[in-house]
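For reference, the structure is listed below as structure tokens.
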Amino acid sequence: MDNLQLKPGEVIYKCPKCCSIKPERAHHCSICKRCIRKMDHHCPWVNNCVGEKNQRFFVLFTMYIALISAHALVLCGFQFFSCVRGQWTECSDFSPPVTVILMIFLCLEGFLFLTFTAVMFGTQIHSICNDETEIERLKSEKPTWERRLRWEGMKSVFGGQPSLLWINPFAGFRIRRLLLRGKKGGPEFSV
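Under the UniProt record's numbering, the first residue of the sequence shown carries the number 1, and numbering increases by one thereafter.
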């Protein structure tokens, strides 16, 4: 316990589920079976928890999926109007009814993905700006920490001053983090 270097009056908590030391603002994930610092939620899409160390990548993931879905809707609209104006046989290899059904299906799929990921993107940005995770908001937890200002929250998640590098998932990524490190006799992949 002496190695923990606690400040006077500082308390440490032990997770009753995984028996590890529970950092401030950590929550136990019943799916991952471990405590995650600043856990927002467990995402089945990425099969992982969204927390302090990967929130930036999840935000970019939702943003890019929303943008790709919007792009698919625009392309589908252009294709449909070019088919209506021109000859259906030149527009598609399928018959006109099949082409229309496929375009409707693509538009519905694009709209559903756009809506879902745009809402997820918005809730993530809202959480970052308010320095509050979704779990903390749902549990109505009173903050025991000093809340960051909106831009300070964005800077802490995306790193540094606002720039176009914020939307680049590879910015600030260090190759040495990808190298295998030998710890206690075995390699560990750390990101």
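Using N, Cα and C, we set each Cβ at its ideal position, and we do this for glycine too. Computed from a predicted structure; not experimentally measured.
Output needed for residue i: all residues of its chain with C-beta closer than 7 Å, excluding positions within five of it in sequence on either side, in chain order.
i: S92; result: C83 and T99
i: S156; result: R148
i: A171; result: L165
i: R25; result: R37, K38 and W145
i: V11; result: none
i: T115; result: none
i: K33; result: C18
i: T133; result: K38, M39, D40 and S127
Who pairs with residue i in a beta bridge, going by DSSP?
i: K14; result: I21
i: C29; result: R34
i: V50; result: H41
Tell me where the alpha helix (DSSP H) around residue i begins and ends.
i: V157; result: R150 to F158
i: L67; result: Q55 to R85
i: R137; result: E134 to L138
i: I104; result: P96 to C129
i: T89; result: W88 to C91
Excluding the five sequence neighbours on either side, which residues of its own chain have a C-beta within less than 8 Å of the C-beta of residue i, listed in chain order?
i: M120; result: T62
With a CB to CB cut of under 6 Å and the five nearest residues on each side skipped, what residues in its chain are close to residue i?
i: V59; result: Q124
i: A118; result: A66
i: K22; result: Y13, C15 and C35
(message) Assess contact between the stretch 63-82 and the stretch 26-40, defined as three or more Cβ pairs (one per stretch) separated by less than 8 Å. Is contact present?
(response) Put simply, the stretch 63-82 does not touch the stretch 26-40. Fewer than three CB pairs are less than 8 Å apart.
(request) Please confirm if the stretch 60-77 is in contact with the stretch 105-114, defined as three or more CB-CB distances below 8 Å between the two stretches. (result) Taking a contact to require three or more Cβ pairs closer than 8 Å, the stretch 60-77 and the stretch 105-114 qualify as touching.
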